[in-house]
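Okay, here's the thing in structure tokens:
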């Protein structure tokens, strides 16, 4: 039962990264791909109807962790207190900048929100990367089942780790580049004209960074988290996940060259999915690895009571089918490239 | 430890109080939007569609602030109340996760369609989008109230291995009778906020002699729905809520009423200041025997005072609890008077010319916010000193590793951010109201139409 919920949570987090990933990425790059007011509105219009729904995956994943793995929720969220609070503030700023911008047209209003939108999106990508890095590296859990990490200590992987050290910063940069690429491919898919071609170029540039860092981070990760190597040697079938990532990233380059915008975006989604599932597969059965292996939280030690988990499965599956239905419908309703009505008083 | 506990409590109180400013209007307006869209559908009159579009813009701003201040709530159980979450997550994680899975997806998908897809959806489709936004937001309310109700009156749980609570009966958790009545009472409060806001905007237009046809529509909708909600707020929902408190949390009832000593034929206190040290109420203005009657339906019934319970069981903020409760009840009574008189004037066809009543409706707008906040304070302060009533003390629930210093850091951050957010919210709402519902006044064009895709 624990393993099923482990997969369910991994699925929700993957959905979050794929969906909110593109609007985060779009935010992080929009100052560079969209220069004029009309271009900025094109980028915003490409995410306006869906960003909120995308962010729901984060909230729903949080709720599901709370319900399925209460000990993980309690220990992880209180241990990552400071970065989580900063993430919450960034989410607030970002939501405000998307929603408030279009209510007023003024030479001081628009640039302010454009800047905040870009900065908060950028920093969120960095923080999410750091979070992932922390989970892979392991946190200073002790016998009480709790820990508390400062934002940084000495940037080394010693006894007293901070949220940011050289490894997690490396993962952060990778996350930022990967989401920038993902977002650029989304913007390319949804827009036309100058924005479209700039986004395509930017995605191509980011691609090189992603390739280099993916190799680097992968190599380092095998050293830092021994469980990863163990899992891949015990169950070689797990190599399908990194394979998906590799074919995804290759697909991005291939489709960019062939100018198939839709496929390029899908390939980037495959890359992100492959990377995430590889990590998840690599740390299983741990849900939160500890620096000292004995204190790690695992699927078995962190899960809630079996009765609740069984009941939960019934409504969760129903809920996911419904959610998939609404989102598909919403995305189809806004399918195609955005068109800013030039005749309007925009 | 005492210091960290206080900061964590203020942290939660501050963020939840600020957050709840927004959902109460969202939930109330969602119902009124369905009303306006239904009118539009039945009459085929573009007037109601424009009215709905205007309120849709206000709804959108309000909803956005509700969402961004709501995300911290979902995370704060873990960040600041880790010990509580570890113990109770197996039970209330159910309702919180269900809120995400069932209401947030529904709400967010269809709000996007409601705001940006009117052209594409057609008349019936757009009505349906409004209805589904309403359904999503009201479902969300239920899951949250059910979560709180479990903390007020735990049902359907058992103690698992390792001291954490486990779910024992899904339906006992979901259909907790406390949840059902608290939900009805909470939602009526939200409807009243929506009604007062809509009526106030309408009154503002009528008093300033602009957009008067819209003003009449808004005042009428607000007053009609508001009068019904105000009455139902008192009876049966408020009455049942009181009965549950008297039955399950008698010490809370005594503290709410400022009743220090047990009394047969206990009076209803209208005004007075509780002095907890001396154990008495100063300057009481009372109506004799009413409290006994309201609680037990007998004029001479005996109501237990605080002195019957050990002090360790008393809520720790008795004066604040007492004032919250009295504010809520007092304001609720005023709402009934205002709304019923306005409804009578409407029925006699005099409301739109009755300047004093329009003034009254316009000036009342902050009051339902105060009443709703006071109502929640009554519930949550009344639950003290328990975090889960009878099972876990508030002091046992905080995150063991998060120091007072770290909690202050985030509390100060939220205070700053929310101040800015609050100012922007009022500024943007004022601007939408100033621009008004007439077509072609919005500088960004009709955003809904503009963003339509190919």
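Chains as they are written, first to last, in the numbering used here: chain A, 1 to 346; chain B, 1001 to 1454.
Think of the CB as a built atom: it goes at the ideal place given N, C-alpha and C, for glycine as much as any other residue.
Check the Cα spacing between residue 130(A) and each of 333(A), 226(A), 255(A), 217(A): the tightest is with 217(A). Looking at the DSSP output, residue 1388(B) bridges to 1392(B). The continuous beta strand (DSSP E) containing residue 1272(B) extends over residues 1268 to 1275. For residue 1284(B), the uninterrupted beta strand (DSSP E) segment begins and ends at 1280 to 1287. Looking at the DSSP output, residue 1158(B) bridges to 1166(B). DSSP lists 286(A) as the bridge partner or partners of residue 298(A). For the options 1259(B), 1047(B), 1249(B), the alpha carbon positioned closest to that of residue 1305(B) is the one of 1259(B). Here residue 1263(B) carries a strand assignment [DSSP, helix/strand/coil].
Here the C-alpha atom of residue 1123(B) lies approximately 21 Å from the C-alpha atom of residue 328(A). Check the Cα spacing between residue 1087(B) and each of 1033(B), 1377(B), 1417(B), 1388(B): the tightest is with 1388(B). In the structure shown, the three-state DSSP call for residue 1365(B) is coil. With a threshold of 8 Å between beta carbons, residue 1079(B) makes contact with chain A.
Put simply, of 1163(B), 1168(B), 1145(B) the residue whose alpha carbon is nearest the alpha carbon of residue 1155(B) is 1168(B).
Taking a Cβ-Cβ cut-off of 8 Å, residue 1042(B) has no neighbours in chain A, whose nearest Cβ is about 25 Å from it.
A straight-line Cα-Cα distance of about 27 Å links residue 80(A) and residue 230(A).
When the Cα atoms are used, residue 171(A) and residue 133(A) turn out to be separated by approximately 6 Å. For residue 1080(B), the number of other beta carbons within 10 angstroms of its own is at least 16, and it is reported as buried. Between residue 1098(B) and chain A, the shortest Cβ-Cβ separation is below 8 Å.
For residue 1062(B), the CB contacts under 6 Å within the same chain, skipping 5 residues up- and downstream, are 1022, 1025, 1026 in chain order. DSSP places residue 1232(B) inside the alpha helix (DSSP H), whose first and last residues are 1212 to 1232. Comparing C-alpha distances from residue 148(A) to each of 181(A), 182(A), 160(A) shows the shortest one belongs to 160(A). In the DSSP assignment, residue 1190(B) falls within the unbroken alpha helix (DSSP H) covering 1177 to 1207.
For chain A, the residues of the region 1057 to 1084 of chain B that bring a beta carbon within less than 9 Å of one of its beta carbons are 1057, 1060, 1061, 1063, 1064, 1065, 1067, 1068, 1069, 1070, 1071, 1072, 1074, 1075, 1076, 1077, 1078, 1079, 1080, 1081, 1082, 1083, 1084, in chain order.
The Cβ neighbour count for residue 1037(B), taken over all protein chains shown within 10 Å, is at least 16; the residue is labelled buried.
Closest by C-alpha distance to residue 1166(B), out of 289(A), 71(A), 333(A), 16(A), is 71(A). Distances from the CA of residue 65(A) to each of 1059(B), 1095(B), 1419(B) were compared; the closest alpha carbon is that of 1095(B). In the three-state reduction of the DSSP assignment, residue 1316(B) falls in the coil class. Counting C-beta pairs closer than 8 Å gives fewer than three between the region 1149 to 1163 of chain B and the region 1128 to 1135 of chain B, which falls short of the contact rule. The beta carbons of residue 117(A) and residue 27(A) sit closer together than 8 Å. In this structure, the beta-carbon distance from residue 1150(B) to residue 1240(B) does not fall below 8 Å.
Taking 8 Å as the threshold, the shortest C-beta distance from residue 304(A) to chain B falls below it. Cβ neighbours of residue 43(A) within its own chain (closer than 8 Å, five residues either side excluded): 26, 30, 33, 34, 187, 191, 195. Per the coordinates, the alpha-carbon of residue 1314(B) lies some 28 Å from the alpha-carbon of residue 1236(B). Counting of Cβ neighbours within 10 angstroms places residue 39(A) among the buried residues, the total reaching 16 or more.
Taking 8 Å as the threshold, the shortest C-beta distance from residue 316(A) to chain B falls below it. Of all residues in the region 40 to 52 of chain A, those with a C-beta nearer than 8 Å to a C-beta of chain B are 45, 48, 49, 50, 52, reading in chain order.
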